[in-house]
Amino acid sequence: MLQSAEYARHVFDSAPDSTPEGVGRAVAAIVERQSLLYEPGRESVFVLTEGVLRTWPGSPALMLAQLDRLLAVESLSTVRLGVVPWRRAVPVMPRHGFTLCGTEAVVVETFRGEHVLDDPVEVAAYEDTFRRFEEAAIFGSDVRELLLRVMKDFRDLDDPATR
3 MLQSAEYARH VFDSAPDSTP EGVGRAVAAI VERQSLLYEP GRESVFVLTE
53 GVLRTWPGSP ALMLAQLDRL LAVESLSTVR LGVVPWRRAV PVMPRHGFTL
103 CGTEAVVVET FRGEHVLDDP VEVAAYEDTF RRFEEAAIFG SDVRELLLRV
153 MKDFRDLDDP ATR
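Note that my numbering has the sequence shown beginning at 3, numbered continuously upward.
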């Protein structure tokens with residue numbers, strides 16, 4: 003939901019057994035799904051680790067565009083974007099990404115696709131995990147400052163004078 007199209011293309015392209023057609027369909031689906039972020043009355047909360055912000059599948063320029071996308075999304079009134087910074091211990095070791103879909107289901111991201119879990123015990127465990135990450139995260143102006151610092155680091159990587 004937060005990925006720029008080009009960033010998503012790099013992510014899907016690196017998946018095992020990816021094909022150009024499959025990557026194209028996956029990127030199109032991501033971009034289409036992102037329209038949910040703009041729906042009035044719907045709140046979306048995202049929590050990332052700073053490690054995710056600094057792990058890059060491509061070039062520094064690709065990451066600058068992705069971080070710019072995060073800044074734009076963070077500014078939406080329908081979105082809360084949080085980041086667990088390096089200086090804080092993670093409450094649980096992140097094993098994979100996941101998306102809570104209300105209290106009914108969770109979508110778990112794996113290297114080979116997404117899996118929907120709807121067992122109430124499983125969903126409750128992911129809700130608890132998400133809550134713990136949310137409590138450890140920074141939001142608002144603190145997140146914007148962090149995103150700008152990470153962007154500076156990527157600009158420095160892209161600048162031949164700093165190599």
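Glycine included, C-beta positions come from ideal geometry on N, C-alpha and C. Every value quoted in this text rests on a predicted model; they were computed, and no experiment measured them.
The distance from the Cβ of residue 156 to that of residue 62 is about 4 Å, consistent with a contact at the 8 Å cut-off. Around the beta carbon of residue 7, fewer than 16 other beta carbons lie within 10 angstroms, which makes this residue exposed.
Every alpha helix (DSSP H) of 4 residues or more that sits fully in the stretch 34 to 70 is shown, in chain order, as 52 to 55. Within the stretch 65 to 121, the runs of beta strand (DSSP E) at least 3 residues long that lie entirely inside it are, in chain order, 81 to 86, 100 to 103, 107 to 112, 115 to 119.
Counting along the chain, residue 17 sits inside no alpha helix (DSSP H), nor does DSSP assign it H or E at all.
Burial check for residue 56: the Cβ neighbour count within 10 Å stays below 16, so the residue is exposed. The beta carbons of residue 101 and residue 45 sit about 14 Å from each other, so the pair does not count as a contact at 8 Å. About 13 Å separates the beta carbons of residue 48 and residue 73, which is beyond the 8 Å limit, so they are not a contact pair. The C-beta of residue 40 has fewer than 16 other C-beta atoms within 10 Å across all chains shown, which makes the residue exposed. As far as DSSP is concerned, residue 32 takes part in no beta bridge.
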